[in-house]
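Numbering (the working numbering), first residue to last: 4 to 152.
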């Protein structure tokens, strides 16, 4: 169903990690560690600057993959894994993109389900990988049938 999309990528989107956005995100997840928003705490940390919380990338723009049409509803969030080469620094620019890594199907007690594996990446200005995020989206049989699969 989505096999033809494997390997397709979005355009690269430039994101700026803004101090105010990091603070609002930290407040929203109720993690007010001073290293996220207090400039003095950032300067005194081993990074010598403020960093973003580990799940902050969910707020970034990773672009869209042309011709990848996902249903508006019915997707199941199966898994989400972040891998970091280093923390995200407040104030830096990240260059983010999305790629379809895999698609496979399995039959279970709820019928045939599709598993769409998406990789999102953030690179620094020198094109060094800062983080990656792998997501697995599950498409149940009812949604698959509605899509004509």
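For each residue, glycine too, the CB sits at the ideal point set by N, CA and C.
Report task. Answer yes or no: do residue 104 and residue 9 have a C-beta to C-beta separation smaller than 8 Å? Result -> Taking the first residue of the chain shown as position 1, residue 104 is located at position 101. Taking the first residue of the chain shown as position 1, residue 9 is located at position 6. Contact: yes.
Query raised in the report: Do residue 12 and residue 67 have their C-beta atoms within less than 8 Å of each other?
Result: Reading the chain shown from its first residue, position 9 is the one you call residue 12. Reading the chain shown from its first residue, position 64 is the one you call residue 67. Against a cut-off of 8 Å, the Cβ pair of residue 67 and residue 12 comes out as no contact.
Query raised in the report: Any idea which residues DSSP pairs residue 18 with across the strands?
Result: In the chain shown, counting from the first residue as 1, residue 18 sits at position 15. Paired residues: 97.
Query raised in the report: Out of 40, 143 and 55, which has the shortest C-alpha to C-alpha gap to residue 90?
Result: Within the chain shown, residue 90 is the residue found at index 87, counting from 1. Among 40, 143 and 55, the Cα nearest to that of residue 90 belongs to 55.
Report task. Just the C-alpha distance for residue 17 and residue 84, rounded to the nearest angstrom, thanks. Result -> Against the chain shown, residue 17 aligns to sequence position 14. Against the chain shown, residue 84 aligns to sequence position 81. When rounded, the distance between both Cα atoms is 22 Å.
Report task. Taking 8 Å as the cut-off, decide whether the C-beta atoms of residue 114 and residue 95 are in contact. Result -> Indexing the chain shown from 1 puts residue 114 at position 111. Indexing the chain shown from 1 puts residue 95 at position 92. Not a contact, by the Cβ cut-off of 8 Å.
Query raised in the report: According to DSSP, what are the bridge partners of residue 132?
Result: Residue 132 sits at position 129 when you count from the first residue of the chain shown. Looking at the DSSP assignment, residue 132 forms a beta bridge with 126.
Report task. Return the CA-CA distance between residue 97 and residue 43, expressed in angstroms with no decimal places. Result -> Walking along the chain shown from the start, residue 97 turns up at place 94. Walking along the chain shown from the start, residue 43 turns up at place 40. Going by the C-alpha atoms only, they are around 24 Å apart.
Query raised in the report: Nearest-angstrom Cα distance between residue 34 and residue 109?
Result: Counted from its first residue, the chain shown places residue 34 at position 31. Counted from its first residue, the chain shown places residue 109 at position 106. Within the model, the alpha-carbon separation for residue 34 versus residue 109 is close to 38 Å.
Requested in this report: Leaving out five residues on either side along the sequence, give the residues of the same chain with a beta carbon under 8 Å from the beta carbon of residue 127.
Outcome: Numbered from its first residue, the chain shown carries residue 127 at position 124. Annotation for residue 127: 95, 96, 97, 98 and 133 place their beta carbon closer than 8 Å to its own, counting only its chain and skipping 5 residues before and after.
Query raised in the report: Whose CA, out of 125, 77, 117 and 137, lies closest to the CA of residue 6?
Result: As a first step, residue 6 is located in the chain shown; it is residue number 3 there, counting from the start. Relative to the Cα of residue 6, the nearest Cα in the group 125, 77, 117 and 137 belongs to 117.
Report task. Mind checking which residues open and close the beta strand (DSSP E) that includes residue 45? Result -> Here residue 45 refers to the residue found at position 42 of the chain shown. Per DSSP, residue 45 belongs to no beta strand (DSSP E); it is in the alpha helix (DSSP H), 42-46.
Report task. Could you tell me how far apart the beta carbons of residue 123 and residue 112 are, in whole angstroms, since I believe they sit closer than 8 Å? Result -> On the chain shown, position 120 is the one that residue 123 refers to. On the chain shown, position 109 is the one that residue 112 refers to. Contact doesn't hold; Cβ gap of about 31 Å is too wide.
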